[in-house]
Amino acid sequence: MSTEVLERVAGADAEEQVFVTLTVADQLCGVPVLGVRDILGEQSITRIPLAPPEIAGSLNLRGRIVTAIDLRRRLHLPPPPANQKRMSVVAEQSGELYALLVDQVSEVMSLPASAFERNPPTLEPAWAEFSTGIYRLEDRLLVVLNVAKLLALSDAA
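The structure is reproduced here in structure tokens:
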């Protein structure tokens, strides 16, 4: 993580929450920045035979094998266009690294904790299942993703 990002996180008090923002199927999402280990561009992914459909495969990150999870499949969304390059947000869970395949990673965003809202009843069930809540931004809705739930693959249908 860059020095600028670390300074921004260190400067954020309890009244702010800091997220790495990303896009999945045109939906703006956020994951807590402290849970992000790395951001990767397009990577070569090796398919894993007999793996659940949410598992895109594995990739090599500086000598470590990382399980790649396709967020579009995990959220029951249509696949991306065939020529679309995808990015990965690397998170750690129980000592293992996971790469969340997303359409795009945008920026680090600090938001006031007071603006955080629970999931509205109109949020699609596929999103609500993996969301801790939302932020209403000027022109978009930011869905805050629960990374631990996304990585709980034993719950995958």
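Numbering (our numbering), first residue to last: 50 to 206.
Glycine included, every Cβ here is placed at the ideal spot set by N, Cα and C.
For residue i: DSSP bridge partner residues
i       : result
Thr-116 : Ser-107, Tyr-147
Leu-71  : Cys-78, Val-154
Thr-181 : Paired residues: none, contrary to the question.
Glu-65  : Pro-161
Cα-Cα separation, residue i to residue j
i       : j       : result
Ala-201 : Ile-118 : 11 Å
Gly-112 : Pro-169 : 42 Å
Gly-90  : Thr-70  : 15 Å
Met-136 : Val-154 : 7 Å
Thr-95  : Glu-178 : 28 Å
Gly-84  : Val-138 : 10 Å
Leu-191 : Tyr-184 : 5 Å
Gly-106 : Val-157 : 27 Å
Gln-92  : Arg-189 : 29 Å
Ile-104 : Thr-116 : 7 Å
Coarse secondary structure for residue i, derived from DSSP in three states
i       : result
Val-54  : Bear in mind that the predicted position of Val-54 carries a pLDDT of just 48, short of 50, making it too unreliable to give a figure here.
Pro-161 : strand
Gly-84  : helix
Ala-140 : strand
Glu-187 : coil
Leu-126 : coil
Leu-202 : helix
Outcome for residue i when other beta-carbon atoms lying within 10 angstroms are tallied against a minimum of 16
i       : result
Ser-163 : exposed
Ala-131 : exposed
Gly-79  : buried
Ile-97  : exposed
Arg-123 : buried
Gly-144 : exposed
Thr-171 : exposed
Ala-175 : exposed
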